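Down below is the structure, laid out as structure tokens.
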Amino acid sequence: MTREGGATHVRERDGEGESMGEPGAGAVRRGGAAETGAGEPGAAGSGAPGSGAVGNGSAQDWARVFASGALGDVRLGERATLVQFSTAFCQPCRATRRVLDQVAGLVPGVAHVEIGAEDHLALVRAAGIEATPTVLFLDASGGEVRRASGAPRRDQVLTALARML
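Sequence positions in the sequence shown follow our numbering and run 22 to 186.
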């Protein structure tokens, strides 16, 4: 189900993975992505109010989540995985999907997995997701290296991947 160069859309209810709807709902930070990483101000875990950063309530074992089958047949990328949390009515989520699809197609060994937040609320809470779109940058073993909230530009995603690869 994971495709390099294209998102795997994880939708529990319909199994198709396609988001439909109009913009308007969902919490979104506009004007670009707020990126956080280990050791940075506003880093995962801080959840600093107003920082645009998304707090990470607890460390999530993404390799275990993917292996459990709870998200269907998804796999980690050979080098990295871009995990996108989206909602059906989130217009910036669509733009983020396009950017991450492009990056996964450009960078060998990088996979893009999109998770429907409405369908996986327990996972959203466990991962500390507070806004959509939120993108998690996972290393080859499934460890979260950084995260970004809001719609990232392609150059931002490529720079973040270059730092971790």
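For every residue, glycine included, the Cβ atom is placed at its ideal position computed from N, Cα and C. These numbers come from a predicted model, not from an experiment.
Residues bridged to residue i [DSSP beta-bridge criterion]
| i | result |
| --- | --- |
| D160 | A101 |
| V131 | A101 |
| G137 | S107 |
| T153 | Its beta-bridge partners do not exist; DSSP assigns none. |
Residue i, buried or exposed, once every other Cβ within 10 Å from all chains shown has been counted against 16
| i | result |
| --- | --- |
| A143 | exposed |
| L127 | exposed |
| E99 | exposed |
| S13 | It is not possible to answer for residue 13, since the shown part of the chain is limited to 22 through 186. |
| P173 | buried |
| G137 | buried |
| S162 | exposed |
| L182 | buried |
| D122 | buried |
| V75 | The predicted position of V75 is uncertain, since its pLDDT is 36 and thus under 50; a value taken from the coordinates is nonetheless stated next. Buried is the call here. |
Bounding residues of the alpha helix (DSSP H) (the contiguous stretch that carries residue i)
| i | result |
| --- | --- |
| V145 | L142 to A148 |
| V86 | W83 to S89 |
Assigned secondary structure, residue i (DSSP; H/G/I helix, E/B strand, else coil)
| i | result |
| --- | --- |
| V178 | helix |
| D94 | coil |
| L186 | coil |
| P113 | helix |
| M41 | Only weak support is given to the placement of M41: the predicted model assigns it a pLDDT of 30, under 50, and the question is left unresolved by the model. |
Segment limits, beta strand (DSSP E) that includes residue i
| i | result |
| --- | --- |
| R167 | E165 to S170 |
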